[in-house]
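Single-structure report; data block below.
Residue numbers (our numbering): 308 to 824.
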């Protein structure tokens with residue numbers, strides 16, 4: 308067969324020329340050769356890797372093969388958004404207590420209770436809403452009378468707390484946590500007497516004692532006073548409790564609630580160890596508070612644990628098991644939008660539960676001859692001094708401010724009540740609002756004496772008896788002696804002008820009707 312008639316396929320099969328064979332033979336050979344070629348082609352294609360068919364428009368297969376994989380890892384969408392902190396606290400069984408005197412905030416939010424402290428009163432007493440109750444308390448105290456000025460002022464402070472507490476209880480059903488004079492923290496008899504007097508004033512206002520809790524500093528005398536009040540069915544809140552042993556002694560006294568200052572406990576640990584914990588879960592103060600919570604749960608103690616003085620809301624989320632938390636005004640505003648997760652309850656084999664099981668129950672701290680503080684370690688006494696006595700020094704400043712405000716308002720009202728009606732009427736009339744009657748051309752006009760000083764707007768408003776008058780909130784800060792001297796000077800000037808007018812026979816000034824009342 309000539310070489311030009313022989314061809315070799317891709318699969319290696321030879322195709323012969325049609326000239327050298329018969330037609331029948333040719334057809335059989337061609338069919339056999341074609342069959343072999345097709346089999347070889349199919350077998351060769353099955354062993355090769357297929358390539359995508361080129362197209363004028365890129366297909367989905369081409370795009371899938373040519374596009375590089377993305378480095379972005381997509382997180383699965385959560386099934387539900389994280390709960391707000393207030394909702395998580397409610398599900399956990401932790402009540403939210405307001406530690407503010409802002410009446411608008413108390414009316415808007417749904418709180419489980421309210422707490423009044425000496426620290427949150429002074430900033431708001433300069434506002435008209437709260438200073439009105441200072442005026443009411445001073446008026447009622449003066450009407451009740453007293454043997455000495457000191458007794459009247461003490462009664463005025465108590466009446467002021469009752470007035471504010473009554474307004475808060477109108478907005479929040481209760482319980483309402485109020486306080487006694489913290490400067491009595493070493494006198495158990497005086498604390499019991501003051502607490503009974505407060506409860507009597509609340510009941511006189513129509514508020515049952517079951518809705519009121521009296522805060523007492525958790526000193527040796529304070530714990531003894533709480534035990535005495537429990538026998539008289541008066542609920543007590545022992546405040547500024549530092550740790551497990553301290554809380555156990557307060558529970559032994561039968562306190563209704565026990566308040567632990569979370570922020571001060573954390574500050575003591577950070578100062579002692581000289582470090583700030585970026586991870587709150589590793590903070591030793593968390594373990595201290597959680598051990599106290601576990602001790603109360605393990606022994607089924609009826610006293611309620613309250614956390615207060617938190618530096619931020621993140622500290623609340625790391626403490627579980629508290630019966631209530633007291634929040635300040637900024638924390639209340641932030642709480643509704645916060646979505647911090649709550650830490651789970653520590654397991655039974657954790658150091659928290661181990662420490663709680665090692666603490667003795669029932670404790671006999673109150674039967675100790677030298678008091679429960681003598682049974683504490685040096686570190687526990689150091690923390691108690693930092694959280695209790697340092698805070699009592701700060702509260703003393705607040706109590707002095709509250710008492711001084713009531714003293715000045717009581718003395719101002721007593722001076723106004725002692726003046727004769729005609730003199731008081733003359734002093735109360737602001738000179739700038741006087742309107743003179745037009746006289747006839749022959750009648751000489753009255754001229755103002757140059758010797759009498761002109762009364763300014765501030766002086767006229769300072770002696771107004773209404774606490775809501777302009778400048779009345781700042782008048783409390785004035786010196787009492789200077790205020791009395793100004794008042795006497797105004798009275799003398801008014802009486803001198805009246806005598807001169809009567810003797811000269813000149814027409815009297817006609818006052819506007821709006822100036823009379």
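In this text, a Cβ means the ideal position worked out from N, Cα and C, and glycines have one as well.
* Asked: Ordered along the chain, which non-local residues of its own chain (more than five positions away) have a Cβ less than 7 Å from that of residue 451?
  -> Result list for residue 451: 462, in chain order.
* Using the DSSP secondary-structure output, state which residues sit across from residue 568 in a beta bridge. => BP columns for residue 568 point to 615.
* Does the beta-carbon distance from residue 445 to residue 720 come in below 8 Å? -> Result yes, Cβ atoms of residue 445 and residue 720 sit closer than 8 Å.
* When the Cα atoms are used, what is the spatial distance from residue 390 to residue 529? -> Computed Cα separation, rounded: 40 Å.
* Asked: Beta-carbon separation of residue 544 and residue 521 under 8 Å?
  -> Yes, these two residues count as a Cβ contact at 8 Å.
* Inter-residue spacing [alpha-carbon to alpha-carbon] between residue 804 and residue 716 -> So the alpha carbons of these two residues sit roughly 29 Å apart.
* To do: Within the same chain, show all residues whose beta-carbon is closer than 8 Å to that of residue 682, passing over the 5 residues directly before and after it, in chain order.
  => Closer than 8 Å at Cβ, skipping near neighbours: 552, 672 and 675.
* C-alpha distance - residue 710 paired with residue 423, whole-angstrom precision -> For the pair residue 710 and residue 423, the Cα-to-Cα distance works out to about 16 Å.
* To do: Measure from the alpha carbon of residue 559 to the alpha carbon of each residue in 453, 636, 534 and 396, then state which is nearest.
  => Looking from the CA of residue 559, the closest CA among 453, 636, 534 and 396 belongs to 534.
* Near the ligand SAM: residue 410 beta-carbon under 7 Å from a heavy atom -> Among the components of this structure there are no ligands whatsoever, and the ligand SAM is therefore not found.
* **Sequence-distant residues of the same chain with beta carbon closer than 6 Å to residue 490, five excluded per side** => Exclusion of the five residues before and after residue 490 leaves 703 and 706 as the residues of its chain whose Cβ lies within less than 6 Å of its Cβ.
* Just confirm the distance between the C-beta atoms of residue 405 and residue 634, as a whole number of angstroms; I'd bet it's less than 8 Å. => Indeed they touch by this definition, with Cβ atoms about 7 Å apart.
* residue 610 burial status per 10 Å Cβ neighbour count (16 or more: buried) -> That one is buried.
* Asked: So is residue 434 buried or exposed if we call it buried at 16+ other beta carbons inside 10 Å?
  -> It is exposed - the Cβ of residue 434 has fewer than 16 other Cβ atoms within 10 Å.
* To do: Quick one: residues in its chain with C-beta nearer than 6 Å to the C-beta of residue 443, no 5 flanking neighbours on either side, listed in chain order?
  => Same-chain partners within the cutoff: 470.
* **Euclidean distance between Cα positions of residue 504 and residue 410** => A direct Cα-Cα distance of roughly 25 Å separates residue 504 from residue 410.
* What's the call for residue 728, buried or exposed, on a 16-neighbour Cβ count within 10 Å? -> Residue 728 comes out exposed.
* To do: Go ahead and pull the three-state DSSP assignment for residue 474.
  => Assignment of residue 474 by DSSP, reduced to helix, strand and coil, places it in the helix class.
* **residue 628 - DSSP class collapsed to helix/strand/coil** => Here residue 628 sits in coil by DSSP.
* Answer yes or no: do residue 550 and residue 426 have a C-beta to C-beta separation smaller than 8 Å? => Judged by beta-carbon spacing, residue 426 lies beyond the 8 Å limit of residue 550, meaning their Cβ atoms are not closer than that value.
* Asked: How is residue 547 classed by DSSP in three states: helix, strand or coil?
  -> In this structure, DSSP gives residue 547 a state outside helix and strand, which the three-state scheme calls coil.
* **Three-pair Cβ contact test at 8 Å for the stretch 623-634 versus the stretch 597-604** => Verdict: yes, contact present.
* Fully enclosed by the stretch 617-677, which beta strand (DSSP E) runs are 3 residues long or longer? -> Runs of the beta strand (DSSP E) inside the stretch 617-677: 631-634.
* **Close Cβ partners of residue 579 (< 6 Å) along its chain, the five nearest in sequence each way excluded** => The answer is none, since no qualifying residue turns up.
* Out of curiosity, what's the CA-to-CA distance linking residue 753 and residue 723? -> The predicted position of residue 753 is uncertain, since its pLDDT is 44 and thus under 50; no value can be drawn from it.
* Should residue 392 and residue 645 be called a contact, given that it needs their Cβ atoms to be closer than 8 Å? -> A contact, by the Cβ cut-off of 8 Å.
* What residue from 502, 495 and 492 has the CA that sits closest to residue 485's CA? -> Selected option, being the one with the closest Cα: 502.
* Evaluate residue 400 with the Cβ neighbour count: other Cβ atoms within 10 Å of its Cβ, from every protein chain shown; 16 or more gives buried, anything less gives exposed. => With fewer than 16 neighbouring CB atoms inside 10 Å of its own CB, residue 400 falls in the exposed class.
* Asked: Which same chain residues, not among the five before or five after residue 588, have their C-beta less than 8 Å away from its C-beta?
  -> Counting only Cβ-Cβ distances below 8 Å, and skipping sequence neighbours, we find 625 and 650.
* Asked: Along the chain, which unbroken stretches of the beta strand (DSSP E) at least 3 residues long are found entirely within the stretch 433-516?
  -> Unbroken beta strand (DSSP E) stretches of 3 residues or longer found wholly inside the stretch 433-516: 483-486, given in chain order.
* Asked: So which of 641, 415, 613 and 510 has the shortest CA-CA distance to residue 619?
  -> For the set 641, 415, 613 and 510, the Cα lying nearest the Cα of residue 619 is the one of 641.
* **DSSP state of residue 582 mapped onto helix, strand, coil** => Correct three-state label for residue 582: coil.
* In terms of alpha-carbon separation, which member of 531, 585 and 420 lies closest to residue 678? -> When only C-alpha atoms are compared, the closest one is 531.
* Measure the alpha-carbon distance for residue 398 versus residue 455 and round it to whole angstroms. => C-alpha separation (whole angstroms): 53 Å.
* Between residue 546 and residue 526, what straight-line distance do the alpha-carbon atoms span, to the nearest angstrom? -> In a straight line, the C-alpha of residue 546 is about 9 Å away from that of residue 526.
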